[in-house]
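K.L.:
If you scroll down you'll find the structure; I have some questions about it.
In mature numbering (1 follows the signal peptide of the UniProt record, and there is no 0), the protein residues as written are -34 to -1, 1 to 529.
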């Protein structure tokens, strides 16, 4: 259900034009003429246009306005003859002209006006043209009144055409309920067996979103979204961020401003979106994983939704431009800054600023810049090449966007923070994503992401390369219309090589090492149009890329309500 809050606008221009062109009498009160008692005859359309509400009658100014034109009068018979011979009046329910009712002078003048517009000098006989001129003289005053009203309607129609859109605000809501279980296996660790037991818990949590979408022109949108949630990230329970849920996050169930953005089309094939708060590239761009990208109806895990490089810069402010070059190729450019509201640097001249201190502003703090070329050579498939340049200030480093290993490999270095959290870190992220639907019941998707990370301080001269990938199969309408089955298999971000940092040697020295594999399966089925339930399981083999860790199994049931 959607609640619409709007400011009423006049009827559409098309409606007014139809009334003006085909049913003038419904807009013109005959000064002293009541509608005929029988509404199923000649004047039925006029009675319907005037409606049930009594119309206020003007003062009589001429005797001839009091006189009905009878079917026996010459003027009535002349109009009837022209109508029948030239078809200049049409549109009655049975296509006939019912000339057996008395008519007011204004009503008959409207019929004369229709004949004047439809009878051509080239086809009418001289007798008919003479008769038409006589009718024009007889109803000269009424015709002048009608034409004055038409001119007024045309002016109002022009205004309506320019201002026919009403400001509209649409409220939609979404509630996600999550039930899951984390086993009592030992917590995962990146550098050896971890004797600390995991948390054996069944959890039940929720997320609520209220979204207000407002349009001012019909092609733009201002979005304000409020959010309250209590979904755990499961790192404390399992020892790894690889176990994070796709709909996770918590703010103690306090409604807070989440999204604030405005999008519009400066040109036909260009769309510009400006994020003022909580901007994320995955909300502004096609991630080429159509069935699994949504947090409320897609994959259950954070990793399984899309390539993690899209998450760089998440939560900031900036702009994204989508350009549809043609029906096959599209280009996206985007920029997000983490602390754009800071007008003064928190670092100052301190050569050793405290962790978390930001240079701030739109250009000098943590940021991410994105470029993507998307190609859709045929309707059933598309692919994209993506590049993201990121800069993470010390205290805010996360080159894997919380989808890779989080526990230290040695010292305070981890997959998400290869050079610790005390070093400014730059990274170049490359991605290739593709999706293909060979049949209505099957869609295949996958991606590869490669990250070149390095310390921003050239004097340290440290770098690391990370790889992540995934393939998935989705089965639309499996078992019932609106259902979706899916399986995902992939590798969360892993450091595969490094300069001046021996990550693999550190693991080898402890007799550990290995590669994490992410396996996920789920089935979404609709209860009705507004409710769907997705049971599934997330299975992590060698979590934290450490073969000494116990595999992690997390069964989850997600229920989504939309209204």
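Glycine is no exception: its CB is placed at the ideal position from the N, C-alpha and C atoms.
So residue 202 is in the beta strand (DSSP E); what residue range does that whole segment cover?
P.N.:
Careful: residue 202 lies outside any beta strand (DSSP E), inside the alpha helix (DSSP H) at 201 to 204.
K.L.:
In whole angstroms, what is the alpha-carbon distance linking residue 53 and residue 123?
P.N.:
27 Å
K.L.:
Note down the Cα distance separating residue 427 from residue 462, rounded to an integer number of angstroms.
P.N.:
18 Å
K.L.:
Kindly indicate the opening and closing residues of the beta strand (DSSP E) around residue 349.
P.N.:
347 to 358
K.L.:
Have a look at the DSSP bridge pairing and note the partners of residue 519.
P.N.:
505
K.L.:
Would residue 340 and residue 300 be called neighbours here (beta carbons separated by less than 8 Å)?
P.N.:
no
K.L.:
Are the beta-carbon atoms belonging to residue 348 and residue 275 less than 8 Å from one another?
P.N.:
no
K.L.:
What beta strand (DSSP E) runs, 3 residues minimum, are completely inside the stretch 376 to 438?
P.N.:
Those beta strand (DSSP E) runs which fall completely within the stretch 376 to 438 and span 3+ residues are 391 to 405 and 408 to 421.
K.L.:
Per DSSP, what kind of secondary structure is residue 79 in: helix, strand or coil?
P.N.:
helix
K.L.:
What's the call for residue 110, buried or exposed, on a 16-neighbour Cβ count within 10 Å?
P.N.:
exposed
K.L.:
How would you write the range of the beta strand (DSSP E) that residue 494 sits in, first residue to last?
P.N.:
For residue 494, the enclosing beta strand (DSSP E) has its first and last residue at 483 to 494.
K.L.:
Sort 443, 103 and 439 by Cα distance to residue 79 and report the nearest one.
P.N.:
103
K.L.:
On the three-pair Cβ rule with 8 Å, is the stretch 444 to 457 touching the stretch 259 to 278?
P.N.:
Segments in contact, yes.
K.L.:
Could you check the C-alpha separation between residue 521 and residue 492 for me, to the nearest Å?
P.N.:
19 Å
K.L.:
Measuring alpha carbon to alpha carbon, tell me which of 425, 457 and 423 ends up nearest residue 435.
P.N.:
Proximity to residue 435 across 425, 457 and 423 peaks at 457, based on C-alpha coordinates.
K.L.:
Ignore the nearest five residues each way along the sequence and tell me which others in residue 48's own chain have a CB closer than 6 Å to its CB.
P.N.:
81
K.L.:
Ignore the nearest five residues each way along the sequence and tell me which others in residue 168's own chain have a CB closer than 6 Å to its CB.
P.N.:
147, listed in sequence order.
K.L.:
Which residue wins for smallest C-alpha separation from residue 517, given the options 84, 75, 149 and 226?
P.N.:
Out of 84, 75, 149 and 226, 149 has the C-alpha closest to the C-alpha of residue 517.
K.L.:
Residue 443 lies in the alpha helix (DSSP H); which residues open and close that run?
P.N.:
Taken as a continuous stretch (DSSP letters only), residue 443 belongs to no alpha helix (DSSP H), as it is neither H nor E.
K.L.:
For residue 210 versus residue 219, is the C-beta spacing smaller than 8 Å?
P.N.:
Not closer than 8 Å, so no.
K.L.:
Near residue 486, what residues of its chain come up, given a Cβ to Cβ distance below 6 Å and the 5 sequence neighbours on each side ignored?
P.N.:
267, 270, 454 and 504
K.L.:
Under 8 Å by Cβ, that's how I've got residue 500 and residue 489 pegged, so tell me the actual separation to the nearest angstrom.
P.N.:
Yes, they are in contact, since the Cβ atoms of residue 500 and residue 489 sit about 7 Å apart, within 8 Å.
K.L.:
Based on Cα-Cα distance, which residue from 190, 185 and 403 lies nearest to residue 440?
P.N.:
403
K.L.:
DSSP state of residue 298, grouped into three classes?
P.N.:
strand
K.L.:
Take every Cβ of the stretch 370 to 388, pair it with every Cβ of the stretch 416 to 432, and state whether three or more of those distances are shorter than 8 Å.
P.N.:
yes
K.L.:
Quick check on the burial criterion: 16 or more other C-beta atoms within 10 angstroms. Buried or exposed for residue 92?
P.N.:
exposed
K.L.:
Determine the burial state of residue 142: buried for a count of at least 16 other Cβ atoms within 10 Å of its Cβ, exposed for fewer.
P.N.:
buried
K.L.:
Would you check if there are 3 or more beta carbon pairs closer than 8 Å linking the stretch 326 to 342 to the stretch 234 to 245?
P.N.:
The stretch 326 to 342 vs the stretch 234 to 245: no contact.
K.L.:
Could you tell me which residues DSSP pairs with residue 511 in its beta bridges?
P.N.:
Its beta-bridge partners do not exist; DSSP assigns none.
K.L.:
What are the partner residues of residue 337, as DSSP defines its beta bridges?
P.N.:
299 and 353
K.L.:
Please state whether the Cβ-Cβ distance between residue 225 and residue 191 is less than 8 Å.
P.N.:
yes
K.L.:
Cβ of residue 358 within 8 Å of Cβ of residue 380?
P.N.:
For residue 358 and residue 380, no; Cβs fall outside 8 Å.
K.L.:
Report the rounded CA-to-CA distance for residue 342 versus residue 399, giving the unit in angstroms.
P.N.:
12 Å
K.L.:
If you reduce the DSSP assignment to three classes, tell me which class residue 140 lands in.
P.N.:
strand
K.L.:
Express the C-alpha separation of residue 256 and residue 444 in angstroms, rounding to a whole number.
P.N.:
16 Å
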